[in-house]
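Numbering (the numbering used here), first residue to last: 6 to 297. C-beta atoms are modelled at their ideal positions from N, C-alpha and C, and glycine is treated no differently.
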C-alpha cells in the first residue's frame with residue numbers, strides 16, 4: 006500500500022471541522038490524544054485516577070502536538086459491559102469541564118454512544134466532536150440529536166456490541182460490507198442535515214486480526230466518500246498479537262500501523278502516545294510532498 010498519485014491528490018483536499026469558533030484543519034493529518042476516565046479500559050484503565058493526573062497527561066499531549074483530546078468514560082473493550090447514563094455522566098462531565106477550563110483552545114471530542122450524554126456535555130462546555138463507536142446502533146436518537154446540535158460526528162463501523170462483537174465475527178466480503186454500512190448511514194445523516202461526518206472503520210470492533218489487517222491494507226477504499234477518516238489502532242490486540250507482545254510493549258508496532266494508515270488516507274490518528282504519532286505524521290508529510 007503505497008501513496009499513489011491519485012491518493013496523493015485526494016489527501017491534499019482541504020477539510021475543516023467546525024466547533025463553534027474553533028476550527029480543526031485536516032489538510033495535514035491530526036492526532037487525537039486519548040483520555041479514558043474509566044477503571045477498565047484495555048490499556049490505560051484507572052490511570053487517570055484524579056483530576057491533577059488527568060490534566061498533567063492532557064498537558065503533555067497538547068505539548069506533544071495533539072490537535073484533539075478525545076475523552077471517554079465507558080470502556081468499549083471487547084467483552085465489556087456498559088454502565089448507566091448516570092455513571093457515565095458522573096465520570097465524564099467533571100473531566101471534560103476541567104480539560105475545557107485548563108485548555109480552552111483545544112478541540113474536544115467525547116467518546117459516547119448516548120445522545121443524552123452528548124447533549125449534556127455540549128450544554129456544559131459548548132460544541133464538541135461526538136465520537137460514537139456504535140454508529141448510531143445503540144441509541145436510535147443519536148443521528149437526529151447530532152443534526153440538531155450541528156457538531157462533527159464520528160461514524161464508526163461495528164458488528165455487534167462491545168459485549169459480543171468479538172465472538173467469532175464473520176463477513177462474506179469485509180470491504181463491501183463496511184462500505185455498504187457507511188453508505189447507508191451517511192445517507193441518513195446527510196438527509197437529516199448533518200454537515201460534518203468523519204468515518205472510523207472500527208478496528209477491533211467486530212473483526213478478527215485478519216479482518217483488521219485487510220481493512221488497514223484497503224483503507225484507501227474509503228476515499229470514495231470524500232469524507233475525513235479517523236483510525237484507532239493504538240496498542241490494540243491486532244498489533245500486540247501479531248508481535249507476540251502485550252499492549253504495554255506495542256508502541257513501536259502502533260507507530261508502524263499508524264504510518265500505514267496515513268498512507269491509506271487517514272486524516273485523524275486516535276492514540277495513547279501523541280508524540281510518536283505526531284512524528285509519524287511529520288515523516289508521512291515529507292513523503293507526500295514528493296508526489297507530483
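Residue 120: member of the alpha helix (DSSP H) spanning 120-130, first to last residue.
DSSP places residue 240 in the coil class of the three-state scheme, outside both helix and strand. Exclusion of the five residues before and after residue 174 leaves 164, 165, 211, 212, 213 and 216 as the residues of its chain whose Cβ lies within less than 8 Å of its Cβ.
For residue 290, same chain residues with a beta-carbon under 7 Å away, outside a window of 5 residues either side, are 33 in chain order. Assigned with DSSP and collapsed to three states, residue 41 falls in strand. The Cβ-Cβ distance between residue 190 and residue 236 does not fall below 8 Å. Of the candidates 64, 99 and 68, the residue whose Cα lies closest to the Cα of residue 77 is 99. Cβ-Cβ separation between residue 131 and residue 25: approximately 6 Å, consistent with a contact (criterion under 8 Å). By the CB criterion at 8 Å, residue 112 and residue 200 fall outside the cutoff. Pairing residue 20 with residue 204, the inter-Cα distance amounts to about 13 Å. DSSP links residue 28 through a beta bridge to 23. Nearest in C-alpha terms to residue 284, of all of 263, 138, 31 and 116, is 263.
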